[in-house]
Every structure is written in C-alpha cells, then in structure tokens.
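Shown next, in structure tokens, is the structure this report addresses.
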Amino acid sequence: ILIFGFFLLGTVKKRFPRIYSLIILGSILLPCYLIEYQLVKKFYDTGEWDQRKYIIKAAEENNIEPDLRLRREVVRELNENGTESYPWFKVRTDNEIYPVGSIPKKTIVLCNELGVQTIYKSDRHGFNNPDDVWENNTIDILFLGDSFTQGSCVIDNKSFVNLLRNKKLNIINLGNGSNHPYTILIGLVEYAVPTKPKKIIWMHCSANDIPGMIEDTGDELFDKYVNEKFSQNLISKASLVEKVMLNRYNN
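Structure follows, in structure tokens:
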C-alpha cells in the first residue's frame, strides 16, 4: 500500500499541488490503518478477559454462577489465603531440561471456559493425578495426550481420565496442554517406559496435533528423541523439574 501510495504521489504531483497529493495519499492509507487496527484489536480482544461473554453463556447453560476472575487473580487470591499456587504454563526446550508437565506438587490454576476455574494439585512429576498413583508398582492404564486428556477447563476437574479412576484401576494421566506427537513421545519415553504400564492409550487431537508437530519439526531436542535412544531421565529429576519451572515462572 505504501509503495502504491508513493507511486501515486509521484504521478499526481506534476498536475496537482503537493497538499492535494498528500490528501489523496492520506485518504488511501488512513482507512487501511483503521481496518488493520480493528483486526489486530479483535485478535487481542479474544484473550482471557474478553472471553467473559462465552463464560457467562456456558455458566447459564450449566446453571451455575460464572466465575469471571482472571487466572492471575485466582492465583493471587489463593496465595494470599496460604495456598501456594501457580498458573499453568509450559517452558521452552532451551532450558537445562525440558519438563513435559507443570510444576510438581503445587496447586495449578488451569483455565476457565465453562464458568468455573479448573484447579488441581499436581503430582510429584507435575501432572494432573493424585500423587499416590506413583506409589503403586502396577499401572493399569497410562494416558498420553494434550489438553483434552489433561482435563482442560472441565468443571470440578472431572476429566474423562479422572472419571475412570477407581480402586481396581491405577491410572496415570500424562496429558498436558499444547502437547503434540513430539512432546507426547517425550512423556512416553520419560514416564511410560520406566513404569511399564499394562496399557498405554495415546489420545490424538486432529485439530492441532499435526500442525504443532510441523511447527516444532527440526528442534534439536525433539530430533534426539526421534532419532536416538535418548532420555533426560525426568522421572528421577522431579526436584530439577521444579527448579526449572519455578525459575521460568519467576523470570
């Protein structure tokens, strides 16, 4: 647009005074910038706070009073009331190690799409499980997947994995938001291989798993898991996982 504007300016300046040329150029550029501003504003307005209208609608459908607090507000209030809490987040692969869960053994504020905050206490490895699932030598089912498996934005943390738990089945959930085949593979290598579950269920989300994998193709760490017999030995580094995650959060 700028190139076209300057071309037009050079064309008309021979016939019209400069002020008219600037008016013509401004009449072209100003609407374009206004349209761009509205598009960018609309994009950023779909953030957490501006999802309120959808949360209110979902809460009405579930006949509950909507909780419209931002995630950071929930975290702050929990900490003020004596519960050490953190928002859900992930780290990059350029850290000392690359965890595939959240901060271990902490209260995690996950998300809110249905009018209720999804909050859970992470296990010793940072996943959405009761911590005692790791005490049992027998693991009946181990789930791998992304936010759907993790239980993202589910009321009362009643994900399908948690609903399957009972006294007869020891179930481990390694689901985590934004996972794709590379990161799921890391969970498989780091936690499923050492624990040898009877059954492994890999949940695939066709909406974003493949695009996420394509975006991260070529990452040095992921390539090691694909092409080499490689492990970070995360299952024995829970304290280091916590250190890396907390350092990322505080910095």
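Each residue of the sequence shown is one higher than the one before, counting from 11 in the numbering used here. The beta-carbon is built from N, C-alpha and C at its ideal position, and this holds for glycine as well.
- The continuous alpha helix (DSSP H) containing Leu195 extends over residues 191-197.
- Between the alpha carbons of Lys63 and Val119 lies a distance of about 20 Å.
- In the three-state reduction of the DSSP assignment, Ile149 falls in the coil class, being assigned neither a helical nor a strand state.
- Distance between Lys115 and Glu70, taken at the CA atoms: about 33 Å.
- Counting C-beta pairs with one atom in each stretch, the region 163-175 and the region 192-204 have fewer than three that are closer than 8 Å, which means they do not touch.
- Considering only Gly136, Ile194, Thr117, the residue with the shortest C-alpha distance to Gln127 is Thr117.
- In the three-state scheme derived from DSSP, where H, G and I count as helix and E and B as strand, Val254 is classed as helix.
- For Asn183, no alpha helix (DSSP H) run applies; the uninterrupted beta strand (DSSP E) run containing it begins and ends at 181-183, by DSSP.
- Of all alpha-carbon atoms in Arg102, Val164, Leu152, the one lying nearest the alpha-carbon of Glu230 is that of Arg102.
- With fewer than 16 neighbouring CB atoms inside 10 Å of its own CB, Arg82 falls in the exposed class.
- Bounds of the alpha helix (DSSP H) holding Val84 are 81-90.
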